[in-house]
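Right, dumping it as structure tokens:
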């Protein structure tokens, strides 16, 4: 026992480090702590025995399962100790009364919190699961986000809205100076995400650049996971400067501040519930709740029947922190409040789209999403699949036209397996950039309720059909350079008749044919450049024969005047038509197209996007 404490740096003659003996005072302190712990446990048990907490008693099957779980507890695997701890946590009056004070003391004096919380400098708190992206899904998360938002952009643009995205950087990145020393939050994740979104042609706001120069408390709340008022106001100013043509003087309102305790939602994760009196001892300086004066403007914003030209859609960042109200003052017009708390990626967009299903969408949609939602999307969880599916199902009124079937191999049958149906398009059957320019239109009749899923190499989508006859149009989402089968699957409570058609949002009837010259065998080059007919136009390539591969290089100028190149390769194509999105060029121009493959003279054209307007 005396040799258990080691004195660093002291070596004996044999080369082993010497160890200092434990002092008598240390022994007494350890023994005292042990006795005190035992007394606390005994006194807690006594009080709980005298004043037991009333709780719901399990009955029926629940009671039998509870009894079975009690019998299965064993001492040697730790399940008995874990069950005992859970019982105390749920049934102990003493623990529930004193736990917040004990947690506050540990947090304030020792900087110790629950495992899910990182305690930073000056009392700052961070969520541990947002500290570092999972390496296994990091790059996939970036690609999934960019391809999903590119398809959403195409759909909203088709319905008449300009789509502007704003990934909100993680607190651990923009407030990294308040983290404990030595922690790496992987700031490159946000930079890679911004780069990938812009490479897809998405109009993207780099919020981290907007906030440059703000102190940490100007960007995020110290003990909460949401943004602070100075950062919100600065971003709103930039958006108004970005779209000055939408700034009006229709609404006369001003922002008012009402002092409130600083939001401290992360204390909930440290056994200190929201509203507990001990939070006042821990929380930082008070915050300001922003609201509009006069109140009639707030009522007008919340009246969904009003006409809106600007919409702010997003997460709890928008829902709970007056983002739409701040934008209303900056733009001088009503801004639609499309925030939704607790929503996964694209969930608020789905609700927003449903809300405008019978009337025109706003001219501009500002969409904020916390960057950590990209990580969840990369894991392809069920909630994100439902959100994506719900958005595209609710916006299926967008126009689309069938792709000529003579350029496809025979369409695979929709096989029925029990009460389920499956259709598999093999690799090389559907050739596109995978960002929504190519889609599947599904018409189902005769099923009271059916559940569907669509999966390619990008994020999957699931949705539910609730009527006896419905039609959905879903984009094929594929990662760049990854060609995999496209699976469509449906499960039914009753028999259904289903028709599946390959469609596109490119206006094939208005496609402009580009003259192509054979530069050398198996290499074709466009004879001259062309102006882009519209944003989200598509390059349509048709050919004869069965080439071993088709390689296409598109070179031009993007909307910022910078040179841009897009390269696409299709190995062993089975189809004889490919549709490539030109969204990365924005409203710029295409200067040259190189097409390589052992095919007969191809027909290449540029088709504008269809319009619902």
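Residue numbers (the working numbering): 539 to 1151.
Positions of the beta carbon are idealized from the N, C-alpha and C atoms, including for glycine.
With distances taken from CA atoms, which of 1023, 1035 and 974 is nearest residue 952?
Locating residue 952 in the chain shown gives position 414, counting from the first residue. That would be 1035, whose Cα lies nearest to the Cα of residue 952.
Own chain, CB closer than 8 angstroms to residue 786, minus 5 neighbours either side, in chain order
Translated into positions along the chain shown, residue 786 becomes position 248. The residues are 869, 870 and 871.
With a CB to CB cut of under 6 angstroms and the five nearest residues on each side skipped, what residues in its chain are close to residue 1027?
For the purposes of this step, residue 1027 is identified with residue 489 of the chain shown, where counting begins at 1. Around residue 1027: 960 and 991.
Just checking, does the stretch 699-707 make contact with the stretch 1016-1026 on the three C-beta pairs under 8 angstroms criterion?
no
Could you tell me whether the stretch 875-884 touches the stretch 635-642, where touching means 3 or more Cβ pairs closer than 8 angstroms?
no
Taking the alpha-carbon positions, what's the residue 848 to residue 932 distance?
Position 310 of the chain shown, counted from the start, is the residue given in the question as residue 848. Position 394 of the chain shown, counted from the start, is the residue given in the question as residue 932. Those two C-alpha atoms are separated by around 20 angstroms.
Looking only at its own chain, which residues have a Cβ that is under 7 angstroms from the Cβ of residue 886, when we skip the five neighbours before and after it?
Numbered from its first residue, the chain shown carries residue 886 at position 348. Excluding positions up to five away in sequence, the list reads 851, 852, 853, 876, 877 and 878.
At which residue ranges does the stretch 798-856 contain complete beta strand (DSSP E) runs of 3 or more residues, listed in the order of the chain?
825-831 and 848-852
Among all the DSSP beta bridges, which residues are the ones paired with residue 796?
As a working note, residue 796 is residue 258 in the chain shown. Looking at the DSSP assignment, residue 796 forms a beta bridge with 827.
Which of the three DSSP states is assigned to residue 770 in this structure?
In the chain shown, counting from the first residue as 1, residue 770 sits at position 232. Here residue 770 sits in helix by DSSP.
As assigned by DSSP and simplified to three states, the class of residue 911:
Against the chain shown, residue 911 aligns to sequence position 373. Reduced to three states, the DSSP call for residue 911 is helix.
When you compare the CB positions of residue 764 and residue 883, do they come within less than 8 angstroms of one another, or not?
Position 226 of the chain shown, counting from 1, holds the residue named residue 764. Position 345 of the chain shown, counting from 1, holds the residue named residue 883. For residue 764 and residue 883, no; Cβs fall outside 8 angstroms.
Reference residue 977; option with closest CA among 723, 1119, 760 and 789:
What you label residue 977 is simply residue 439 of the chain shown in a count that begins at 1. When each option's Cα is compared against that of residue 977, the closest is 1119.
Residue 769 and residue 800 closer than 8 angstroms at C-beta:
By 1-based counting over the chain shown, the position of residue 769 is 231. By 1-based counting over the chain shown, the position of residue 800 is 262. In this structure, residue 800 does not lie closer than 8 angstroms to residue 769 by Cβ.
Which residue or residues does DSSP assign as beta-bridge partners of residue 905?
Reading the chain shown from its first residue, position 367 is the one you call residue 905. Answer is 703 and 851.
Can you give me the start and stop residues for the beta strand (DSSP E) that residue 917 sits inside?
The sequence position of residue 917 within the chain shown is 379, counting from 1. Taken as a continuous stretch (DSSP letters only), residue 917 belongs to no beta strand (DSSP E), as it is neither H nor E.
Kindly list the residues whose CB is nearer than 8 angstroms to the CB of residue 972, restricted to its own chain and excluding five residues on each side of it in sequence; keep chain order.
Along the chain shown, read from residue 1 onward, the residue named residue 972 stands at position 434. Contacts found: 685, 994, 995, 996, 1014, 1015, 1016, 1017 and 1018.
Hey, residue 892 and residue 1000: beta-carbon distance below 8 angstroms or not?
The residue given as residue 892 occupies position 354 in the chain shown. The residue given as residue 1000 occupies position 462 in the chain shown. No, Cβ-Cβ distance for residue 892 and residue 1000 is not below 8 angstroms.
Using only the alpha-carbon positions, how far apart do residue 742 and residue 691 sit?
Translated into positions along the chain shown, residue 742 becomes position 204. Translated into positions along the chain shown, residue 691 becomes position 153. So the alpha carbons of these two residues sit roughly 11 angstroms apart.
Roughly how many angstroms separate the alpha carbons of residue 1142 and residue 1097, rounded to a whole number?
On the chain shown, position 604 is the one that residue 1142 refers to. On the chain shown, position 559 is the one that residue 1097 refers to. Cα to Cα, the separation comes out at about 23 angstroms.
For the beta strand (DSSP E) containing residue 1131, list its first residue and its last residue.
The residue given as residue 1131 occupies position 593 in the chain shown. From DSSP, the beta strand (DSSP E) with residue 1131 extends over 1127-1134.
Out of 731, 814, 696 and 679, which one is the CA nearest neighbour of residue 704?
Start at 1 with the first residue of the chain shown, and residue 704 comes out as number 166. Of 731, 814, 696 and 679, the residue nearest in Cα terms is 731.
Residue 1102, buried or exposed, once every other Cβ within 10 Å from all chains shown has been counted against 16:
The residue you call residue 1102 lines up with position 564 of the chain shown. The residue is buried, with at least 16 neighbouring Cβ atoms inside 10 Å.
Where residue 1129 and residue 1091 are concerned, what is the direct C-alpha to C-alpha distance, given to the nearest angstrom?
Taking the chain shown and counting its residues from 1, the one referred to as residue 1129 is at position 591. Taking the chain shown and counting its residues from 1, the one referred to as residue 1091 is at position 553. Approximately 11 angstroms between the Cα atoms of the pair.
Give the straight-line distance between the Cα atoms of residue 914 and residue 757, rounded to the nearest whole angstrom.
For this step, residue 914 is matched to residue 376 along the chain shown. For this step, residue 757 is matched to residue 219 along the chain shown. Each residue's Cα considered, the two are about 23 angstroms apart.
Could you name the residues of the same chain whose beta carbon sits closer than 7 angstroms to that of residue 838, not counting the 5 residues immediately before and after it, in chain order?
Here residue 838 is taken as the residue at index 300 of the chain shown, counted from 1. 844 and 872, listed in sequence order.
Residue 727: which of 920, 1115, 896 and 673 sits nearest, CA to CA?
Sequence index remark: in the chain shown, residue 727 carries index 189 (1-based). Cα-wise, what sits closest to residue 727 is 673.
Which residues in the same chain have their Cβ closer than 6 angstroms to the Cβ of residue 1088, if we skip the five residues on either side of it in sequence?
If you number the chain shown from 1, residue 1088 lands on position 550. Closer than 6 angstroms at Cβ, skipping near neighbours: 1108, 1111 and 1135.
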